[in-house]
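Participant: Supplied in C-alpha cells, the structure appears directly below.
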Amino acid sequence: MKKLKIGIIGVGRLGYEHACNIANRVPECELVAISDANIARAKEVGEELGVSAVYENPKDLCEDPNVEAVAIITNTASHVDMIKLAMDAGKHVFCEKPLAETVEKCLKAEEIIKAHPDLIFMLGFMRRFDHSYQIAKKKMENGDIGDVILVRCYSQDPISIIKGTLEYAPRSGGQFIDMSIHDFDLIRWLTGSEPKKLWAIGGCYEFKQYKDWDDGDNVSGLMQMENDAMAFFFAGRAAAHGSAVETEIVGTRGTLRISAVPTDSLLEVMSSHGVCRECYQDFISRWHQAYITEMEYFCNCVQNGIKPYPDVHDGTQATKIAFRCKESFLKNELLTLE
1 MKKLKIGIIG VGRLGYEHAC NIANRVPECE LVAISDANIA RAKEVGEELG
51 VSAVYENPKD LCEDPNVEAV AIITNTASHV DMIKLAMDAG KHVFCEKPLA
101 ETVEKCLKAE EIIKAHPDLI FMLGFMRRFD HSYQIAKKKM ENGDIGDVIL
151 VRCYSQDPIS IIKGTLEYAP RSGGQFIDMS IHDFDLIRWL TGSEPKKLWA
201 IGGCYEFKQY KDWDDGDNVS GLMQMENDAM AFFFAGRAAA HGSAVETEIV
251 GTRGTLRISA VPTDSLLEVM SSHGVCRECY QDFISRWHQA YITEMEYFCN
301 CVQNGIKPYP DVHDGTQATK IAFRCKESFL KNELLTLE
C-alpha cells in the first residue's frame, strides 16, 4: 500500500514524539517535511529522522507538493490558523487537542473544515485509542455492564515536572481546557451523551500562584448527562507518585476500571520501604502506544476515505464543557451547558 506522506508542524516535546512515530513506528505513513518556528530544532530533528525538507514558515510546508497530510502539534492558540493553512493548500489534517483556546475559534474551525468536505480532519484525543479504553468501550457496546450509571475520571501530573508545568500555566488556558479536556472527551464518548448540568470546584492547595491565573492546581467537578448518567472528574498538577490517569465506568450490571495502579510494568520493588510498584513519570510514556494507534487510524481514514473520530465537533463540545466548568469554578455555582 502507498504510504501517506505527512509533514509535521511543531517538534517540541509532543511533536517530537509524533515525528518519531510517523517516521519509524507507523508503517502506513512517511515523514517527508518538518516545520518549527525554532528552525535549529527543526533541522536537528530532520537530521535525526532523515527528513531533508525543513521549514521555518508553516505555510511553506503546507505548500510543499510532496506533502499529502499535515500533523499540527503547535500551541493551542495557533491551531485554527494552522488548520486553515493546511486545508486551503489541499492537505488532510491531524491536529492535537485542544481544538482551540476559545469556543468562537472552535466554531471557526468547524467552518473551515466544512468548506473542505473532500479532506480528512481528525483531532488527537489519544485516550480513545489506548488499548485498555478500546476494550472497555467494546465491553460497554456488548452490554457487559448494562447501562452507564457513573463515569469517574482522575488525571494527575507528577510533581517531578512541576517546573515546566508552572512555566506553561499562564498560557495553558487553565486546568479545565488544558488537562481535564481529555476527561471531558472520555465522558462524552463513554456515556454517549452531553452534559446538561455541571458544577466545578477546586483551589490552590500547593501552588498559590494559580490564583493569579484564575485557576487551581487541583480541580474537580460533577456532571449529570442528558441521558441521566453521572460523571465525576478530578485533575491535579502535583502527584507525588507520578503521572496517573484512572477511569472507572459503573454500570447497572457491572463495573470497568482502567489503570487503578498507574504502573509502567508488572515489576514489584521490595525494599525497606515495603512493596511498591513504580509509576509512569510523564504522560508521553503512558500514552506512547495510543499515539501510534491514533496515527495508524488517521492514515487508514485518509487512504480509505473514512470519516474519522474524534472530529471537529468533538473538539468544540469538549471546549464548551471546559469553559463552562471554568465559569462554574469561578462562580461556585451549578450551571447548565448552554
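Numbering follows the working numbering, with no gaps: position 262 of the sequence shown is 262. For every residue, glycine included, the Cβ atom is placed at its ideal position computed from N, Cα and C. Please read these numbers as outputs of a predicted model, since none were measured by experiment.
Tell me which residue opens and which closes the alpha helix (DSSP H) that Asp157 is part of.
Facilitator: Taken as a continuous stretch (DSSP letters only), Asp157 belongs to no alpha helix (DSSP H), being part of the beta strand (DSSP E) at 148-158.
Participant: How would you label Gln156, buried or exposed, when you count the other beta carbons within 10 angstroms and need 16 or more for buried?
Facilitator: Buried.
Participant: Considering only residues of the segment 75-149, which uninterrupted alpha helix (DSSP H) runs meet the minimum length of 4 residues and lie entirely inside it, listed in chain order?
Facilitator: Whole alpha helix (DSSP H) segments, 4+ residues: 79-88, 103-114, 131-141.
Participant: So, helix, strand or coil for Arg286, using DSSP?
Facilitator: Arg286 falls in the helix class under three-state DSSP.
Participant: Check the DSSP bridge columns for Arg257 and list the partner residues they point to.
Facilitator: DSSP lists Glu248 as partners of Arg257.
Participant: How about Cys279 and Thr255: do their beta carbons lie closer than 8 Å?
Facilitator: No, the pair does not count as a contact, with Cβ atoms beyond the cut-off.
Participant: Is the distance from the Cβ of Pro58 to the Cβ of Leu85 below 8 Å?
Facilitator: Cβ atoms of Pro58 and Leu85: closer than 8 Å.
Participant: Identify whether Asn218 lies in helix, strand or coil by the three-state DSSP scheme.
Facilitator: It is a strand residue.
Participant: Can you list, in chain order, the residues of its chain whose CB lies under 6 Å from that of Leu344, leaving out five sequence neighbours each side?
Facilitator: Coverage of the chain is limited to positions 1 through 338, which leaves residue 344 absent and any answer about it impossible.
Participant: What is the DSSP secondary structure of Gln224, reduced to helix, strand or coil?
Facilitator: Looking at Gln224 - three-state DSSP - the assignment turns out to be strand.
Participant: Taking buried to mean at least 16 other C-beta atoms within 10 Å of its own C-beta, is Ala290 buried or exposed?
Facilitator: Buried, because 16 or more other Cβ atoms sit within 10 Å of the Cβ of Ala290.
Participant: Under DSSP, the beta strand (DSSP E) around Leu334 begins and ends at which residues?
Facilitator: From DSSP, Leu334 is part of no beta strand (DSSP E); its letter is neither H nor E.
Participant: Over the uninterrupted alpha helix (DSSP H) stretch that includes Gly46, give me the two end residues.
Facilitator: Note, Gly46: alpha helix (DSSP H), 39-49.
Participant: Relative to the C-alpha of Trp287, which residue among Phe129, Asn300, Met179, Gly143 is closest?
Facilitator: Measuring from the Cα of Trp287, the nearest candidate turns out to be Phe129.
Participant: Report the rounded CA-to-CA distance for Asn227 versus His313, giving the unit in angstroms.
Facilitator: Roughly 19 Å between the two C-alpha positions.
Participant: Just grab the DSSP bridge partners of Thr263 for me.
Facilitator: Its beta-bridge partners are Cys279.
Participant: Is Lys307 helix, strand or coil by DSSP?
Facilitator: Reduced to three states, the DSSP call for Lys307 is coil.
Participant: Looking at C-beta atoms only, is the number of pairs between the segment 137-154 and the segment 165-174 that lie closer than 8 Å three or more?
Facilitator: Contact between the segment 137-154 and the segment 165-174 is absent, because fewer than three Cβ pairs lie under 8 Å.
Participant: Which one or two residues does DSSP pair with Gly242 in a beta bridge?
Facilitator: The partner list for Gly242 (beta bridge, DSSP) is empty, contrary to what the question assumes.
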